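What follows is one structure encoded as structure tokens, with my remarks underneath.
Numbering (the numbering used here), first residue to last: 5 to 320.
Below, the structure written as structure tokens:
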């Protein structure tokens, strides 16, 4: 049967400090009066019954009528997917699973639903590739082999390149982070490249899971596998896991004054924020924490939060 696995367990470091450990995370991030998790569930329920939508998280989150898989601790997406797939595969050995990040916007979503049906017919491991209109250093890229077939073998996988425009000119697609295929085949690839992750998930060994090396599914598996295919999609797609993208869709918040500060954005919970003579800056004020950064520095947020965690762990 068909199943959807929703990745909702990360702390959302790119949206720190709104997503800091002591606060709510993705479920508190609202678009059009709906949380991103709620919106994701609503869209996926067009494909499968909510009883077969699985939300994997290291903590309690709203399920909106779906089923929650609690991973023992946060160890990035490779571990989350392995843990979630092991549960689904244990209940349904013939499961076909779509893996969906919770912080992506896709329009029209009906295109994704059609792609799911096309992917199922191949019985392969499929990545959805986005035909990008603009280059971005924030995303990974995949190069499909030249073929008349709609589903193409992936020739190369590059994570966050320095010169994305050149890649687009060569026919690369943005990796959407959405993967699908038979659960057993995805688990087999995890077992091949991340055997400890596979073993921890298969045995449901929580202590082994806690010792796993944190690594993304992209880095740990998809960059290395020779069994990955891609399905190009022409859709409006955006990862709203960065402050500028989030505020673009959700709107700025709070009181602010901007003087000669073009393309700057503000999220303020309690304080008045005044900007003068700066450009392309994001300012976030939340629960006694102030973040000021250039938009081009958003890719470094994980490093920034790590430094905060080392010096002021209570604020990370």
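We put the CB at the ideal spot given by N, CA and C, even for glycine.
Owing to the predicted nature of the structure, the values given are computational and were not obtained by experimental measurement.
inquiry  = Considering just the uninterrupted stretch of the beta strand (DSSP E) at residue 241, what are its terminal residues?
reply    = Here residue 241 refers to the residue found at position 237 when the chain shown is read from its first residue. Element bounds for residue 241: 240-243.
Beta-ladder partner(s) of residue 316, from DSSP = Position 312 of the chain shown holds residue 316. According to DSSP, which records beta bridges pairwise, residue 316 is partnered with nothing at all.
task = Report the residue ranges of all alpha helix (DSSP H) runs contained in full by the region 233-274; include only those spanning at least 4 residues, in chain order.
result = 247-254
query = Comparing the C-beta of residue 71 with each C-beta of chain E, is any distance below 8 Å?
reply = Given the protein chain composition of this structure (a single chain), no chain E is represented.
Minimum length 4: unbroken alpha helix (DSSP H) runs contained in the region 46-105 = Counting only runs of 4 or more, we get 80-95.
Beta-carbon proximity list for residue 31, same chain, < 6 Å, skipping 5 on both sides = By 1-based counting over the chain shown, the position of residue 31 is 27. Low confidence applies to residue 31: its pLDDT is 45, below 50, so where it sits in the model is not reliable, and the reading given next is rough at best. Counting only Cβ-Cβ distances below 6 Å, and skipping sequence neighbours, we find 39, 41, 65 and 66.
query = residue 205 and residue 90 look like a contact to me (Cβ under 8 Å); what is the Cβ gap, rounded to whole Å?
reply = Taking the first residue of the chain shown as position 1, residue 205 is located at position 201. Taking the first residue of the chain shown as position 1, residue 90 is located at position 86. Indeed, because the Cβ distance is near 4 Å, the residues count as touching under 8 Å.
inquiry  = Applying the 10 Å Cβ sphere with the 16-neighbour rule, what's the burial state of residue 265?
reply    = Looking up residue 265 in the chain shown gives position 261. Counting Cβ neighbours within 10 Å, residue 265 comes out buried, since at least 16 surround it.
message = If you reduce the DSSP assignment to three classes, tell me which class residue 208 lands in.
response = If you number the chain shown from 1, residue 208 lands on position 204. Reduced to three states, the DSSP call for residue 208 is coil.
Helix, strand or coil at residue 39 according to DSSP, with G and I counted as helix = Within the chain shown, numbered from 1, the residue matching residue 39 stands at position 35. Strand, per DSSP.
key: Distance between residue 203 and residue 267 (C-alpha atoms, nearest Å)   = On the chain shown, residue 267 is found 263 positions in, with the first residue counted as 1. On the chain shown, residue 203 is found 199 positions in, with the first residue counted as 1. Separation of residue 267 and residue 203 (C-alpha to C-alpha, rounded to the nearest whole angstrom) is 48 Å.
Reduced DSSP secondary structure (H/G/I, E/B, other) of residue 8 = Stepping through the chain shown from its first residue, residue 8 is reached at position 4. It is a strand residue.
For residue 18, the three-state DSSP class (helix, strand or coil) = On the chain shown, residue 18 is found 14 positions in, with the first residue counted as 1. Residue 18: helix per DSSP, three-state reduction.
message = For residue 242, which residues in the same chain have their Cβ closer than 6 Å to its Cβ, ignoring the five residues on either side in sequence?
response = Here residue 242 refers to the residue found at position 238 of the chain shown. Answer for residue 242: 109 and 249, listed in chain order.
C-alpha distance - residue 285 paired with residue 137, whole-angstrom precision = Counting from one through the chain shown, the residue named residue 285 turns up at place 281. Counting from one through the chain shown, the residue named residue 137 turns up at place 133. Roughly 23 Å separates the two Cα atoms.
message = If the criterion is Cβ atoms closer than 8 Å, does the pair residue 217 and residue 93 meet it?
response = Working through the chain shown from its first residue, we reach residue 217 at position 213. Working through the chain shown from its first residue, we reach residue 93 at position 89. Contact: no.
message = Check whether the region 98-116 and the region 181-195 are in contact - that is, three or more C-beta pairs closer than 8 Å.
response = yes
Residues sharing a beta bridge with residue 161, DSSP = Position 157 of the chain shown, counted from the first residue, corresponds to residue 161. Per DSSP, 146.
ask   = Which residue from 194, 291, 139 and 7 puts its Cα closest to that of residue 51?
value = In the chain shown, the residue the question calls residue 51 occupies position 47. Residue 51 has its Cα closest to that of 7, out of 194, 291, 139 and 7.
inquiry  = Less than 8 Å between the beta carbons of residue 289 and residue 274, yes or no?
reply    = To locate residue 289, count along the chain shown from 1; it is residue 285. To locate residue 274, count along the chain shown from 1; it is residue 270. Contact: yes.
Close beta carbons around residue 117, own chain, < 7 Å, minus the five adjacent residues each side = Here residue 117 refers to the residue found at position 113 of the chain shown. Here the set comprises 50 and 51.
task = Mind checking which residues open and close the beta strand (DSSP E) that includes residue 290?
result = Translated into the one-based positions of the chain shown, residue 290 becomes position 286. Residues 285-290.
task = Specify the secondary structure class of residue 29 as computed by DSSP and reduced to three states.
result = Here residue 29 refers to the residue found at position 25 when the chain shown is read from its first residue. With a pLDDT of 45 at residue 29, under the threshold of 50, the modelled position of that residue is not reliable, and no figure is offered here.
ask   = Alpha carbon to alpha carbon, what distance is there between residue 111 and residue 309?
value = Locating residue 309 in the chain shown gives position 305, counting from the first residue. Locating residue 111 in the chain shown gives position 107, counting from the first residue. Cα to Cα, residue 309 sits roughly 31 Å from residue 111.
ask   = In its own chain, which residues sit with a C-beta less than 7 Å from the C-beta of residue 1, not counting the 5 before and 5 after it?
value = The requested residue 1 does not occur in the structure, where the chain is confined to residues 5 to 320.
query = Who are residue 177's beta bridge partners in DSSP?
reply = One-based indexing of the chain shown puts residue 177 at position 173. When beta bridges are read from the DSSP output, residue 177 appears opposite 146.
query = In whole angstroms, what is the alpha-carbon distance linking residue 177 and residue 253?
reply = By one-based count along the chain shown, residue 177 stands at place 173. By one-based count along the chain shown, residue 253 stands at place 249. Approximately 23 Å, taken between the alpha carbons.
query = Can you give the beta carbon distance from residue 70 to residue 54, rounded, assuming they're within the 8 Å contact cut?
reply = Locating residue 70 in the chain shown gives position 66, where the first residue counts as 1. Locating residue 54 in the chain shown gives position 50, where the first residue counts as 1. So it is a contact: roughly 5 Å between Cβ atoms.
task = Reducing DSSP to helix, strand and coil, say where residue 281 ends up.
result = Stepping through the chain shown from its first residue, residue 281 is reached at position 277. Of the three classes helix, strand and coil, the one that applies to residue 281 here is coil, per DSSP.
message = Taking 8 Å as the limit between beta carbons, can you name the residues of its chain near residue 281, skipping five residues before and five after?
response = On the chain shown, residue 281 is found 277 positions in, with the first residue counted as 1. These residues qualify, in order along the chain: 263, 264 and 265.
message = Considering only their Cβ atoms, is the gap separating residue 126 from residue 233 smaller than 8 Å?
response = Working through the chain shown from its first residue, we reach residue 233 at position 229. Working through the chain shown from its first residue, we reach residue 126 at position 122. Contact: yes.
request  = May I ask you to report which of helix, strand or coil DSSP gives residue 131?
outcome  = The residue given as residue 131 occupies position 127 in the chain shown. Strand, per DSSP.
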